[in-house]
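Note that numbering that gives the first Met the number 0 has the sequence shown beginning at 0, numbered continuously upward.
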Amino acid sequence: MVTHPWIQYYLTAGSFLVFGQNTFAARFPFALASWMSILFVYFFLWRLTNNRWTAFSAAALLVLSVQFLLYARQCRYCALNMLLIVWLFWSFFKMKSARDCMLFILASVFLFHTHPYGIAPVIALGGLSLVYRPFAMQRRWIWFAAPAIALLTLPWLALSSLSSSGSALNTTAAQSPGEFIERCAQAFIECTSVTPLIGSVIIL
Numbered sequence: 000m001v002t003h004p005w006i007q008y009y010l011t012a013g014s015f016l017v018f019g020q021n022t023f024a025a026r027f028p029f030a031l032a033s034w035m036s037i038l039f040v041y042f043f044l045w046r047l048t049n050n051r052w053t054a055f056s057a058a059a060l061l062v063l064s065v066q067f068l069l070y071a072r073q074c075r076y077c078a079l080n081m082l083l084i085v086w087l088f089w090s091f092f093k094m095k096s097a098r099d100c101m102l103f104i105l106a107s108v109f110l111f112h113t114h115p116y117g118i119a120p121v122i123a124l125g126g127l128s129l130v131y132r133p134f135a136m137q138r139r140w141i142w143f144a145a146p147a148i149a150l151l152t153l154p155w156l157a158l159s160s161l162s163s164s165g166s167a168l169n170t171t172a173a174q175s176p177g178e179f180i181e182r183c184a185q186a187f188i189e190c191t192s193v194t195p196l197i198g199s200v201i202i203l
């Protein structure tokens, strides 16, 4: 299996080993990750803004999100992505030592090996640290983190590129305008299934 990263499968297998092969065992690690996501959002925003009301509001919005609740109960990578992205941001904002840098590397690598597109926020944070002056401290540590992250992710990309299905299909150039339009339509469908589109448009 090279078209999807392995963490979700190993996590499910470990749960099966402990609880037996049943629906509860399949969903339990991901439901736990979702609950931890809510706590991480609360504590991350409390630390970042020093405002409990802001932190509580963010956690409450997550709890009241139908999309979050639907993905939280699935035996898939989605719940892990949510938890790891919050961990990634938390470790980035407090990255002022070698220990913090190591936590950022771990969050980045685990996020990538949960879903390959998880590398996008890592690249965005790295780029932001290069151009945004208040992130000067993070910029120093990004130079140490980037080679380690590349070493622990690029080999999987090379392996998956040998496959003719899965993520390899979406990371190769479109062969025709029709295929490009088809991919854009698929991306739109996936985004609207995760994002409350009407509410987002109204807020914007």
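Even for Gly, the Cβ is constructed at its ideal location relative to N, Cα and C.
Every value quoted in this text rests on a predicted model; they were computed, and no experiment measured them.
Would you grab the beta carbon distance between residue i and residue j for me? Rounded to a whole angstrom, and I think it's under 8 Å.
i    : j    : result
A78  : S90  : Contact doesn't hold; Cβ gap of about 19 Å is too wide.
L44  : A57  : 5 Å
F103 : A149 : 14 Å between Cβ atoms; not a contact.
L47  : F92  : 6 Å
Measure from the alpha carbon of residue i to the alpha carbon of each residue in the options, then state which is nearest.
i    : options                  : result
Q7   : H114, G19 and F55        : H114
P4   : S36, F109, V200 and N21  : F109
I141 : T152, S128, R46 and L151 : S128
S159 : F143, L124, F111 and Y9  : F111
A97  : L69, T11 and R139        : R139
When the Cα atoms are used, what is the spatial distance from residue i to residue j?
i    : j    : result
M94  : M101 : 9 Å
F134 : A32  : 29 Å
R51  : P176 : 50 Å
G117 : F39  : 18 Å
P146 : S36  : 28 Å
Q137 : W34  : 28 Å
E189 : Q66  : 12 Å
N80  : P120 : 11 Å
Q174 : R182 : 11 Å
Between residue i and the ligand NAP, is the CB less than 7 Å from at least one heavy atom?
i   : result
Q20 : Of the ligands one can find in the structure shown there are none, so the ligand NAP has no counterpart to examine.
Quick one: what's got a C-beta closer than 8 Å to residue i's C-beta in the same chain, skipping five residues either side?
i   : result
F55 : Y41
S14 : A24, A25, F27 and P28
V17 : A24
V30 : Val is not the amino acid found at residue 30; the sequence shown has Ala there. Hits under 8 Å: A71, R72 and A78.
F88 : F43, P120 and L124
L82 : A32, S33, M35, S36 and F39
Within its chain, find whatever has a CB closer than 6 Å to the CB of residue i; leave out the 5 residues flanking it on each side and keep chain order.
i    : result
I201 : none
Can you list, in chain order, the residues of its chain whose CB lies under 7 Å from that of residue i, leaving out five sequence neighbours each side?
i   : result
T53 : L44
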